[in-house]
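So the protein lines, in turn, are chains A, B and C. For the first sequence, my numbering assigns the number 22 to the initial residue and increments by one for each residue that follows. For the second sequence, my numbering assigns the number 1216 to the initial residue and increments by one for each residue that follows. For the third sequence, my numbering assigns the number 1216 to the initial residue and increments by one for each residue that follows.
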Amino acid sequence: MTDDTTVTADVAEDVQASEQSPLALVSGKPVVDLPKDLYIPPDALAVFLEAFEGPLDLLLYLIRRQNMDILDIDVSEITRQYMDYIDVVESMRFELAAEYLVMAATLAEIKSRMLLPRQASEDEEELDPRAELIRRLQQYERFKKAAEDIDQMPRLERDNFVASASLPKLPSSQPHPDVDMKELLLALRGVLQRADLFTSHQVEREKLSTRERMSAILSVLQDDRFVSFESLFTPEEGKLGVVVTFLATLELVKEQLIEVVQAEVLGPIHVRARSTG
Amino acid sequence: MNDEHLRRIQAITEAALLAAGKPLSLEQLRELFTEDERPARQVMEHVMALLEQACEGRGFELRQVASGYRLQVREEYASWVARLFEEKPQRYSRALLETLALIAYRQPITRGEIEDIRGVTVSSNIIRTLLEREWVRVVGHRDVPGRPAMYATTKQFLDYFNLNGLDQLPPLSEVRDLEEIGREIEKNMQAEIEFESPESDDSDEKTLH
Amino acid sequence: MNDEHLRRIQAITEAALLAAGKPLSLEQLRELFTEDERPARQVMEHVMALLEQACEGRGFELRQVASGYRLQVREEYASWVARLFEEKPQRYSRALLETLALIAYRQPITRGEIEDIRGVTVSSNIIRTLLEREWVRVVGHRDVPGRPAMYATTKQFLDYFNLNGLDQLPPLSEVRDLEEIGREIEKNMQAEIEFESPESDDSDEKTLH
Chain A
22 MTDDTTVTAD
32 VAEDVQASEQ
42 SPLALVSGKP
52 VVDLPKDLYI
62 PPDALAVFLE
72 AFEGPLDLLL
82 YLIRRQNMDI
92 LDIDVSEITR
102 QYMDYIDVVE
112 SMRFELAAEY
122 LVMAATLAEI
132 KSRMLLPRQA
142 SEDEEELDPR
152 AELIRRLQQY
162 ERFKKAAEDI
172 DQMPRLERDN
182 FVASASLPKL
192 PSSQPHPDVD
202 MKELLLALRG
212 VLQRADLFTS
222 HQVEREKLST
232 RERMSAILSV
242 LQDDRFVSFE
252 SLFTPEEGKL
262 GVVVTFLATL
272 ELVKEQLIEV
282 VQAEVLGPIH
292 VRARSTG
Chain B
1216 MNDEHLRRIQ
1226 AITEAALLAA
1236 GKPLSLEQLR
1246 ELFTEDERPA
1256 RQVMEHVMAL
1266 LEQACEGRGF
1276 ELRQVASGYR
1286 LQVREEYASW
1296 VARLFEEKPQ
1306 RYSRALLETL
1316 ALIAYRQPIT
1326 RGEIEDIRGV
1336 TVSSNIIRTL
1346 LEREWVRVVG
1356 HRDVPGRPAM
1366 YATTKQFLDY
1376 FNLNGLDQLP
1386 PLSEVRDLEE
1396 IGREIEKNMQ
1406 AEIEFESPES
1416 DDSDEKTLH
Chain C
1216 MNDEHLRRIQ
1226 AITEAALLAA
1236 GKPLSLEQLR
1246 ELFTEDERPA
1256 RQVMEHVMAL
1266 LEQACEGRGF
1276 ELRQVASGYR
1286 LQVREEYASW
1296 VARLFEEKPQ
1306 RYSRALLETL
1316 ALIAYRQPIT
1326 RGEIEDIRGV
1336 TVSSNIIRTL
1346 LEREWVRVVG
1356 HRDVPGRPAM
1366 YATTKQFLDY
1376 FNLNGLDQLP
1386 PLSEVRDLEE
1396 IGREIEKNMQ
1406 AEIEFESPES
1416 DDSDEKTLH
């Protein structure tokens, strides 16, 4: 960093400028002066493009800072200068430079129109050609201010922090998925097709009510104890129920899931799950 | 060290613990203060005791854990808080549905038998899910090496599917002719997918957040 | 509805807000209760007032923002709490803030309209950042050639800036004459020059474009 702040020739004329801290460093040299007109030195362009949010922003500054009269600019000189550094900035942020060029062209147009003698016949309503530009500057300025206001507003992560506490152990509250019977059948169809079980009639042979009763009997026989054969039957179910229970018992015996014990001829019959014990 | 000063340290401590969302040690809490205002360790310990008291009767409490102090939602409110995190029910996997169907139609059946028919392993998760949902239960153990559990469906399973008994399950002959059902289900799933597609993300503005 | 009952609802509400770590609407809070115990809207509103009082003198406060209520650290303790976080808070570029301001005050607005007022191209990065932060969203397309997207701000934008609604934004300044604008600019430039000067060691701070 250098202490040399006398890099510009304008310092003597512009005492104010020499008193302020440098805007930025360009190639290690502090830049104190902001441009006098719309011409931006190519080597400082990147810096100025950072400092200003576009030509309107720059113009707003110039109007006050340099007391610039937007009519009093050398249009041909400015245009030439703009053309010069477009080459330089092509690789950087050309689209921004182009906007400054458009602004220069706008100013040139305003100036040329101002130079033309006004025709008396022309509509009195016609605005001063500067009016549109001034309207845009004023409009832009409002939102520039609004952006600054927003930046000042208290916001999360800077001025406000959301309060949160850690969680205790939460009960599992995962809701159960819904299942449609059709989905279940579709799944069954899939697996049976894969297993090619449709061709053998093995699955279909047993009545489902028998299968259900087999499960029921097994759950009664959970403990390692004998249960009387009769207690498996529920007379209230009627004949059909008794038959189903009987078939289920036979199937369980066949599958060697239960054992049936009769201690003496015509004595009480007991059943027990084979797997227990 | 007057009361007002202590209350201030307490409020800053509370603010920090709530902003951190993780435990902070006594040292970390002391570090939040500049050197000239930093409370002594004993003062800080006293403040923690005050803060603990101040949380009585509230929705949260001060807890001391290995890495320091943290503020934690009281366990007695866990069941309400849990509703915040309720997820949308997911769909069951095809593997789970196949397993359930086989248990329903072939009960009592062991896991090994299900695997034989499906030709793939049945994950323990599937069995656990079905047991937790109380759709299946263990009705015994088959008397073969390893004594595998035999599964059967439950009354809850019948209730869920509006059946009085297993004999009301559609007969397998109908299962054979499921082409139409399959198309219908796929249509429903399609509709569901469209409903959840990101195009409709404007819709969540209308719902309450 | 006795006091004890109200205190219980208040504690549950506090617990839920601290567990959520984000704003919850009155409806969302009521949904935490089962139907038979669900407080009426007015009761819930009363509870929120009680909770607000109960936070007086503590490290945190109840705040109503666009998406609902949230508990947040009191702003007066922000400087202590900020020391918890190693990363400095995000800074936003002027270009981003001006674009955001135009969307906030002039919504719905197209990119072209923003560019007209700013006199400069709006980079796609800025729009993308604003969309990713969920501060703005596309609310439709203007019926002109190219059908450009129209942007508007979101509830998340309001939440982030502690606002309950757009009407709480600072009022847009009056159109001023250029003399006055000039003085204002002078002042801002001065501040900016100091800020941008190489002496200040802000270089590690991230600025989001």
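Ideal Cβ positions, reconstructed from N, Cα and C, are used throughout, including at glycine. Source: prediction; values computed, not measured.
Residue span of the beta strand (DSSP E) that contains residue i, given as start and end
i         : result
B:GLU1276 : 1275 to 1280
C:MET1365 : 1364 to 1368
Proximity to residue i [Cα-Cα], best of the options
i         : options                                    : result
C:ILE1318 : A:ILE279, A:LYS165, A:LEU206               : A:LYS165
B:ARG1306 : A:SER133, A:ARG163, A:ASP199               : A:ASP199
C:ILE1227 : B:VAL1288, B:ALA1281, B:TYR1320, B:ARG1348 : B:VAL1288
A:LEU242  : A:VAL282, A:PRO256, A:ARG293, A:VAL264     : A:ARG293
B:GLU1271 : C:LEU1312, C:ARG1222, C:GLN1243, C:GLU1290 : C:ARG1222
A:LEU122  : A:GLU162, A:PRO76, A:ARG134                : A:PRO76
B:GLY1361 : B:GLY1327, B:LEU1346, B:ALA1235, B:ALA1264 : B:GLY1327
A:ASP170  : C:ARG1253, C:ARG1309, C:GLU1252            : C:ARG1309
A:ALA284  : A:SER249, A:LEU209, A:LEU207, A:GLU276     : A:SER249
B:HIS1220 : B:ALA1231, B:LEU1265, B:GLN1243            : B:LEU1265
B:TYR1366 : B:GLN1383, B:ILE1341, B:ASP1374            : B:ILE1341
C:THR1249 : B:ILE1332, B:VAL1353, B:ARG1298, B:ARG1321 : B:ARG1298
B:LYS1370 : B:GLN1383, B:LEU1384, B:ASP1382, B:GLU1349 : B:GLU1349
A:GLU78   : C:GLY1334, C:LEU1384, C:GLU1260            : The sequence shown places Asp at residue 78 of chain A, not Glu. Of the listed residues, the one whose Cα sits closest to A:ASP78 is C:GLY1334.
C:LEU1384 : A:GLU204, A:ASP172, A:LEU273, A:HIS197     : A:ASP172
Counterpart residues of residue i in DSSP-defined beta bridges
i         : result
B:GLN1287 : A:SER187, B:GLU1276
B:GLY1355 : B:MET1365
A:ALA125  : Beta-bridge pairing links A:ALA125 to no other residue.
A:GLN283  : A:ILE290
C:THR1325 : C:MET1365
C:LEU1239 : C:TYR1284
C:LEU1384 : C:LEU1384 is not bridged to any residue.
A:VAL248  : A:VAL292
A:LEU177  : A:ASN181
Whether residue i touches residue j by CB criterion (9 Å)
i         : j         : result
A:SER230  : B:GLY1380 : yes
C:LEU1315 : C:TYR1284 : no
A:LEU191  : A:LEU80   : no
B:THR1325 : B:PRO1386 : no
B:ASP1358 : A:ARG246  : no
A:SER236  : B:PRO1323 : yes
A:ALA184  : C:PHE1275 : yes
C:ALA1293 : A:ASP180  : yes
B:THR1344 : B:LEU1311 : yes
B:VAL1296 : C:LEU1247 : yes
A:LEU239  : A:ILE279  : yes
B:LEU1233 : C:LEU1233 : yes
Where the alpha helix (DSSP H) through residue i begins and ends
i         : result
B:GLU1219 : 1218 to 1235
C:VAL1337 : Taken as a continuous stretch (DSSP letters only), C:VAL1337 belongs to no alpha helix (DSSP H), as it is neither H nor E.
C:HIS1261 : 1256 to 1269
C:LEU1247 : That residue, C:LEU1247, is in no alpha helix (DSSP H); it is neither H nor E in DSSP.
C:TRP1295 : 1293 to 1297
A:GLY259  : 259 to 275
A:GLU204  : 202 to 216
B:ARG1253 : B:ARG1253 -> no alpha helix (DSSP H), and no H or E assigned at all.
A:GLU233  : 229 to 241
For residue j and residue i, believed in contact at Cβ under 8 Å, the rounded distance
i         : j         : result
C:GLU1313 : A:ALA168  : 4 Å
A:ALA216  : B:LEU1286 : The pair is not a contact, with the Cβ atoms about 56 Å apart (cut-off 8 Å).
B:PHE1376 : A:MET202  : 5 Å
A:PRO189  : B:GLU1290 : 4 Å
C:SER1388 : A:ARG163  : 5 Å
A:TYR161  : C:ILE1329 : Incorrect: roughly 11 Å between the Cβ atoms, too far for contact.
B:ALA1269 : B:GLN1225 : 7 Å
B:MET1259 : B:LEU1244 : 6 Å
Residue i: CB within 8 Å of a non-hydrogen atom of the ligand NAP
i         : result
B:ALA1231 : Annotation note on the ligand NAP: not contained in the displayed structure, which lists no ligands.
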